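**Student:**
Residue numbers (our numbering), protein chains in the order written: chain F, 44 to 342; chain R, 44 to 342.
1) I'd like to know whether the C-beta of residue 308/R is nearer than 8 Å to at least one C-beta of chain F.
2) Mind checking which residues open and close the beta strand (DSSP E) that includes residue 126/R?
3) Distance check for residue 113/F and residue 58/R, CA to CA, integer angstroms please.
4) Checking contacts by CB at 8 Å: is residue 57/F closer than that to chain R?
5) Just the C-alpha distance for residue 91/F and residue 196/F, rounded to the nearest angstrom, thanks.
6) Say whether chain R places a C-beta atom closer than 8 Å to the C-beta of residue 98/F.
7) Let me make sure I understand the geometry here. Which of 156/F, 54/F, 260/F has the alpha-carbon closest to that of residue 199/F?
8) Counting only beta-carbon separations shorter than 8 Å, does residue 331/F have a partner in chain R?
9) Grab me the residues of residue 329/R's own chain with a C-beta within less than 6 Å of its C-beta, minus the 5 sequence neighbours each way, in chain order.
10) Alpha carbon to alpha carbon, what distance is there between residue 276/R and residue 48/R?
11) Please list, in chain order, the chain F residues whose beta carbon lies closer than 9 Å to that of residue 131/R.
12) DSSP on residue 327/F, reduced to helix/strand/coil?
13) On the premise that residue 162/F lies in contact with residue 342/F, defined as a C-beta separation below 8 Å, what is that separation, rounded to the nearest angstrom?
14) Name the DSSP bridge partner or partners of residue 81/F?
15) Consider the Cβ of residue 273/F: report whether some Cβ of chain R lies at a distance smaller than 8 Å.
16) For a test of the three-state rule: what should DSSP assign to residue 135/R, helix, strand or coil?
17) Report yes or no: is there a C-beta of chain F within less than 8 Å of the C-beta of residue 304/R?
18) Can residue 107/R and residue 61/F be called in contact, C-beta distance under 8 Å?
19) Of all the options 253/R, 126/R, 122/R, 132/R, which has the alpha carbon lying nearest to the alpha carbon of residue 144/F?
20) Determine whether the Cβ of residue 278/R lies closer than 8 Å to any Cβ atom of chain F.
21) Residues of chain C with CB closer than 8 Å to the CB of residue 115/F, please, in chain order.
22) Measure the Cβ-Cβ separation of residue 180/R and residue 283/R and say whether it is below 8 Å.
23) Let me check understanding here. Comparing Cα to Cα, which of 93/F, 190/F, 272/F lies closest to residue 291/F?
24) For chain F, find out if any of its Cβ atoms is closer than 8 Å to the Cβ of residue 63/R; answer yes or no.
25) Could you tell me whether any Cβ in chain F is nearer than 8 Å to the Cβ of residue 267/R?
26) Would you tell me roughly how many angstroms separate the C-alpha atoms of residue 228/F and residue 135/F, rounded to the nearest one?
27) Tell me, please, whether the CB atom of residue 337/R is closer than 8 Å to any CB atom in chain F?
28) Given residue 300/F, which residues of its chain have a CB within under 8 Å of its CB, disregarding the five upstream and five downstream residues?
29) Would you mind telling me which residues of chain F sit closer than 7 Å to residue 119/R, beta carbon to beta carbon, in chain order?
30) Residues in its own chain within less than 7 Å of residue 150/F by CB, not counting five upstream and five downstream?
31) Pick out whichever of 214/R, 132/R, 255/R, 242/R has its Cα sitting closest to the Cα of residue 285/R.
32) Going by alpha carbons, who is nearest to residue 223/F out of 72/R, 67/R, 55/R?
33) Would you say residue 69/F faces chain R, with C-beta separation under 8 Å as the test?
34) Is residue 138/R near residue 127/F, with beta carbons less than 8 Å apart?
35) For residue 258/R, which residues from the same chain have a beta carbon less than 6 Å from its beta carbon, with the 5 sequence-adjacent residues on both sides left out?
36) How should residue 44/F be labelled, buried or exposed, when 16 other C-beta atoms within 10 angstroms of its C-beta is the threshold for buried?
So, in structure tokens, the structure goes:
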């Protein structure tokens with residue numbers, strides 16, 4: 044097992060030795076493609092996520108230059124369309140390699156049917172919570188970040204307070220160059236807050252601290268003011284340790300994002316707002332939670 | 044002039060001779076970049092629209108091959124991210140050249156800055172409401188629909204009750220063929236509800252009726268169940284007469300949509316929730332409301 048992990052960690056130079064098995068998911072809107080395959084000499088599966096990257100304004104002159112070859116595809120009056128072959132170093136694709144990939148990764152990145160779930164407080168208690176408790180999803184990688192065992196060089200800001208503190212670092216989806224796609228996550232130091240559902244009046248100092256000092260840090264480091272940021276919490280989250288997303292408004296938020304300022308105001312109104320509130324979100328066919336809601340007759 | 048047009052039409056082989064002037068617009072989500080400049084020997088402006096293209100499933104093996112060079116950007120446990128330089132012929136960018144481009148083209152492709160507005164109850168009363176009252180935006184075209192003077196043949200469902208009734212009809216953006224892009228609007232018969240801000244306890248029967256019977260009508264007419272629908276209200280709305288959006292979940296909702304079921308539950312909790320709540324939304328630089336918030340020192 045140790046060997047395998049080690050080889051997984053050695054940086055790849057190319058996809059030499061990768062054998063393509065199938066496309067898991069194709070998204071024309073986000074211009075992404077998720078692929079499953081194997082690396083030579085291993086029985087483990089690998090998942091490769093390819094995603095076209097946004098252009099960078101600062102590099103515009105490198106796109107419209109004499110090294111960009113054009114192949115006309117259509118012309119009509121003043122309009123001409125071309126396939127443009129811009130210099131390869133200016134046109135990187137973002138590749139994420141997950142290796143070895145588990146069944147869960149494969150399911151996660153496979154395209155599937157989606158359903159709206161209307162999770163009342165009762166349904167949370169009878170279906171969602173037991174599911175989370177039973178599965179005990181590991182957040183060890185989050186603890187590695189919080190304990191500076193991983194990614195410590197990426198930390199943009201830290202408030203070390205164990206109750207109200209957090210670490211702010213770039214989201215994996217951000218290239219850390221293009222300000223318009225700025226995307227960071229604040230991960231709270233406090234353990235045990237699984238999601239929005241767990242938040243109550245005792246967490247107000249934590250939430251207010253993230254909203255205020257996360258914004259201040261982003262203004263200082265990246266010169267992006269709060270009026271250019273969407274600051275939100277996802278429900279369901281992608282991992283069960285409280286984290287807040289800071290995203291430039293030029294990025295689009297997903298549906299079912301809960302603005303942090305709304306979360307704070309709602310808890311100010313009613314301390315147990317998120318224990319009481321019906322929460323609506325989309326789940327996919329292959330999510331275990333879909334099966335649970337369906338089996339209980341709620342889908 | 045004829046010469047110039049002719050030369051504009053001759054297919055370009057590269058951007059040789061193009062001098063970059065400025066970026067008009069940059070969109071990280073659609074991964075596009077709009078550029079203005081000039082071609083050598085001409086005073087006319089040219090607009091170049093660059094857009095990354097989606098991957099093609101059929102060509103997947105050409106992306107994850109030994110000719111794709113990888114440069115590691117991050118690794119953590121089983122996850123590695125890379126800049127992938129896939130073969131240039133597999134990574135064309137779509138370029139549209141408009142030449143000569145008029146002022147109108149340039150305005151059309153120029154980005155407007157956007158700002159997040161945090162509209163407290165007080166700011167609504169002191170800025171937004173006076174603005175709406177002063178402008179008296181006409182909703183005569185909505186009354187024409189409600190009175191069957193317009194678009195009556197498009198009505199999918201009607202409940203004629205003057206207090207709790209509504210008309211359900213396809214949104215103009217829906218082609219009425221593709222079920223995955225299904226998009227309808229419920230427009231209330233009752234006049235004078237300008238937006239979410241005006242909703243209170245007296246409107247609960249109206250809102251519950253729309254949620255229930257709008258969904259039933261869509262299930263009956265289009266066989267799309269409620270678990271496949273996002274049902275929401277925009278704030279700010281695009282016109283100031285209460286309407287509810289019914290959209291297939293395969294469509295993407297904009298940010299700042301308020302789910303109708305959340306609106307109902309919040310008013311059940313606190314009758315004047317939407318008169319009390321701070322509402323957050325994005326406005327554009329050229330919006331009159333932007334000017335008002337800015338002049339009042341809130342942006």
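Beta carbons: idealized from backbone N, C-alpha and C, even for Gly.
Everything numeric in this text was worked out from a predicted model, so none of it was measured.
**Tutor:** Well, looking at it:
1) yes
2) Per DSSP, the unbroken beta strand (DSSP E) holding residue 126/R starts and ends at 122-128.
3) 8 Å
4) yes
5) 25 Å
6) Output row for residue 98/F: interface = yes.
7) Closest by alpha carbon: 260/F.
8) Not closer than 8 Å to any Cβ of chain R, the Cβ of residue 331/F fails to qualify, so no.
9) 155
10) Unreliable placement is indicated for residue 48/R, whose pLDDT of 43 sits below 50; the coordinate value is still reported in the next sentence. Taking the straight line joining both Cα atoms gives about 48 Å.
11) What residue 131/R touches in chain F: 112, 128, 129, 130, 131, 134.
12) strand
13) Wrong, their Cβ atoms sit about 11 Å apart, outside the cutoff.
14) 62/F
15) yes
16) Reduced to three states, the DSSP call for residue 135/R is coil.
17) yes
18) yes
19) 122/R
20) no
21) You won't find chain C in this structure, because its protein chains are F and R.
22) yes
23) 272/F
24) yes
25) Residue 267/R is outside the set of residues whose beta carbon lies under 8 Å from a beta carbon in chain F.
26) 24 Å
27) Among the residues facing chain F, residue 337/R is not included, as its CB has no counterpart in that chain under 8 Å away.
28) 273, 275, 276, 277, 288
29) 184, 193, 194
30) 329
31) 242/R
32) Ranking the options by Cα distance to residue 223/F, first place goes to 72/R.
33) By this cut-off, residue 69/F is an interface position.
34) yes
35) Cβ neighbours of residue 258/R within its own chain (closer than 6 Å, five residues either side excluded): 269.
36) Confidence is the limiting factor: at residue 44/F the pLDDT is only 34, short of 50, which leaves the residue's position unreliable, though a coordinate-based value still follows. Burial call: exposed.
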